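**Student:** Got a structure for you, questions after.
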Amino acid sequence: MNIVFMGTPDFAVPCLKTLAESTHTVSAVFTQPDKPKGRGYKMIPTPVKKAAQEYNIPVYQPLSLRKGEDAEAGMKLLKELSPDLIVVTAYGQILPEEILNLPKYGCINIHASLLPAYRGAAPINWCILNGESKTGVTSMQMDKGLDTGDMLLRRETEIGENETYQELYDRLAVMGGEVLADTIKAVEEGTLAPEKQDDSLSCYSPMITKSMSALDFSKSAKELHNTIRGVTGFTLMGGKRLKIFRSVIENGTDEKAANGEIVDADKFTVKCGDGGLLTFTEIQAEGGKRMKTADFLRGKKITKGEILV
């Protein structure tokens, strides 16, 4: 098949590699425009662009495919390419119906959740924030709605009790490539059995905001643990910002200590709103480097009874 791929972050790279290393032809890659980064504002290509260049696949970076000159040029190019299939993975743009209806086999999206749950921009974060025990990847026949198209294939995986967003992200990215390979094989063999989504079972996963990382110690140990896993937490210790990258929930409770109080200075264990105890295992002090808490405590002592806010 003649395939056009659309994607942007590193999550989409395994899907592109699956296509590039298959017997199919990837005639073009569409990705978001390069962005400036760092003090020198150097323009940085997207991970998908870098991967496409490694495979010598032509890359196009329109600002929009819905309006303006870029959209007109993009549509003209797609008509010239005449793809049998468009594959979309975390592209970052909503496609107009004209594009959705262009390929022979339509547009297939690889989405990082078990649809219809967690439609939207940040399904991996929200699965962890909400304490889900399982998630997965769904391939979907795209329609004009937001992640509302018919489901094609679903693959499920357990979420580890202490698994972080980045760890799950990396696993699901690999799984996405595998689900895509199986989906395209089924397209070729004519064995797909599209399944409509039950909208009553759907939920939305909006964009993550920085404010969501603030730790509120009136919440339960489980809620705080999920925040740290899902978006990385932060608090103030001695008036200075402290980032929390990893934590574990301890057995037992402490009903006497105040919320946010350090109850074990040797392990950096804090009392939470439900009486539960949470130990920070990987942190970063303001102006310092990310490190294991054990290493941090070798160079800096903390005080039992100090309250984090």
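Under this note's numbering, the sequence shown has 61 at position 61, and the numbering climbs by one with no breaks.
In this text, a Cβ means the ideal position worked out from N, Cα and C, and glycines have one as well.
Fair warning: this is a prediction, and the values are worked out from it, not measured in the lab.
I need the boundaries of the beta strand (DSSP E) containing I28, first residue and last residue.
**Tutor:** The residue asked about is misnamed: residue 28 is Ala in this sequence, not Ile. Residues T25 to F30.
**Student:** Measure the C-alpha to C-alpha separation of F245 and A193 and round it to an integer number of angstroms.
**Tutor:** The straight-line gap from Cα to Cα measures roughly 41 Å.
**Student:** Could you tell me if K289 is buried or exposed, where buried requires 16 or more neighbouring beta carbons within 10 angstroms of its beta carbon?
**Tutor:** Counting Cβ neighbours within 10 Å, K289 comes out exposed, since fewer than 16 surround it.
**Student:** Run the proximity test for K292: is its beta-carbon closer than 8 Å to any non-hydrogen atom belonging to the ligand NAP?
**Tutor:** Of the ligands one can find in the structure shown there are none, so the ligand NAP has no counterpart to examine.
**Student:** Measuring CA to CA, which of T23, C15 and M75 is closest to K49?
**Tutor:** With distances taken between Cα atoms, K49 lies closest to C15.
**Student:** Cutting at 6 Å between CB atoms, please list the residues of its own chain near I57, excluding the five before and the five after it.
**Tutor:** Cβ within range, chain order: V26 and V29.
**Student:** Given this structure, state the Cα-to-Cα distance separating M6 from L224, to the nearest angstrom.
**Tutor:** If you take the alpha carbons of M6 and L224, they lie about 36 Å apart.
**Student:** Between Q284, G305 and G260, which has its C-alpha nearest L297's C-alpha?
**Tutor:** Looking at the Cα atoms, Q284 is the closest of the given residues.
**Student:** Could you name the residues that DSSP lists as bridge partners for I244?
**Tutor:** DSSP, once it has assigned bridges, lists G233 and I283 as partnering I244.
**Student:** What is the DSSP secondary structure of R171, counted as helix, strand or coil?
**Tutor:** Reduced to three states, the DSSP call for R171 is helix.
**Student:** Less than 9 Å separating the beta-carbons of T235 and R229?
**Tutor:** No, they are not a contact pair.
**Student:** How long is the line joining the alpha carbons of T148 and T89, rounded to whole angstroms?
**Tutor:** When rounded, the distance between both Cα atoms is 15 Å.
**Student:** Give the DSSP-derived three-state secondary structure of C15 in the structure shown.
**Tutor:** Helix, per DSSP.
**Student:** Excluding sequence positions up to five away, which residues of its chain have a Cβ less than 7 Å from the Cβ of A20?
**Tutor:** Counting only Cβ-Cβ distances below 7 Å, and skipping sequence neighbours, we find V26, Y55 and I57.
**Student:** Any chance the segment 202 to 220 sits against the segment 178 to 194, with 3 or more Cβ pairs inside 8 Å?
**Tutor:** Taking 8 Å as the limit for Cβ pairs, the verdict is that the segment 178 to 194 does not touch the segment 202 to 220.
**Student:** Within 10 angstroms of its Cβ, does S251 collect 16 or more other Cβ (buried), or is it exposed?
**Tutor:** Just to set this straight, residue 251 is Asn in the shown sequence, not Ser. Flag for N251 reads exposed.
**Student:** What first and last residue would you give for the beta strand (DSSP E) that runs through L153?
**Tutor:** Per DSSP, L153 belongs to the beta strand (DSSP E) from M151 to E158.
**Student:** CA-CA distance, G299 and Q93?
**Tutor:** Their backbone Cα atoms lie some 47 Å apart in a straight line.
**Student:** So who's on the other strand from G312, going by DSSP bridges?
**Tutor:** Not covered by the structure: residue 312. The range shown for the chain is 1 to 309.
**Student:** Excluding the five sequence neighbours on either side, which residues of its own chain have a C-beta within less than 7 Å of the C-beta of A117, listed in chain order?
**Tutor:** These residues qualify, in order along the chain: L201, S202 and C203.
**Student:** On the CB-based measure, 16 or more other CB atoms within 10 Å of its CB, does R119 come out buried or exposed?
**Tutor:** By the neighbour-count rule (16 or more Cβ atoms within 10 Å), R119 is buried.
**Student:** Given a cut-off of 9 Å on the beta-carbon distance, is the pair E156 and L115 in contact?
**Tutor:** For E156 and L115, no; Cβs fall outside 9 Å.
**Student:** Answer yes if the segment 70 to 79 comes into contact with the segment 155 to 175, meaning at least three C-beta pairs across the two stretches below 8 Å, and no otherwise.
**Tutor:** Too few Cβ pairs lie closer than 8 Å, so no.
**Student:** Going by C-alpha distance, which of T269, D274, G273 and K42 is nearest G305?
**Tutor:** Selected option, being the one with the closest Cα: T269.
**Student:** Identify which residue in V13, T31 and K243 has its Cα closest to the Cα of G287.
**Tutor:** It is K243.
**Student:** What's the C-alpha gap between V248 and L278?
**Tutor:** Distance between the alpha carbons of V248 and L278: 6 Å.
**Student:** Taking 9 Å as the cut-off, decide whether the C-beta atoms of G273 and S220 are in contact.
**Tutor:** Yes, these two residues count as a Cβ contact at 9 Å.
**Student:** Determine whether the beta carbon atoms of S139 and D70 lie at a separation below 9 Å.
**Tutor:** For S139 and D70, no; Cβs fall outside 9 Å.
**Student:** What did DSSP end up calling A122 once you bin it into helix, strand or coil?
**Tutor:** A122: coil per DSSP, three-state reduction.
**Student:** For G299, which of helix, strand or coil comes out of DSSP?
**Tutor:** Helix, per DSSP.
**Student:** Quick one: Cα of D143 to Cα of L85, how far?
**Tutor:** Looking at the two C-alpha atoms, the distance is approximately 14 Å.
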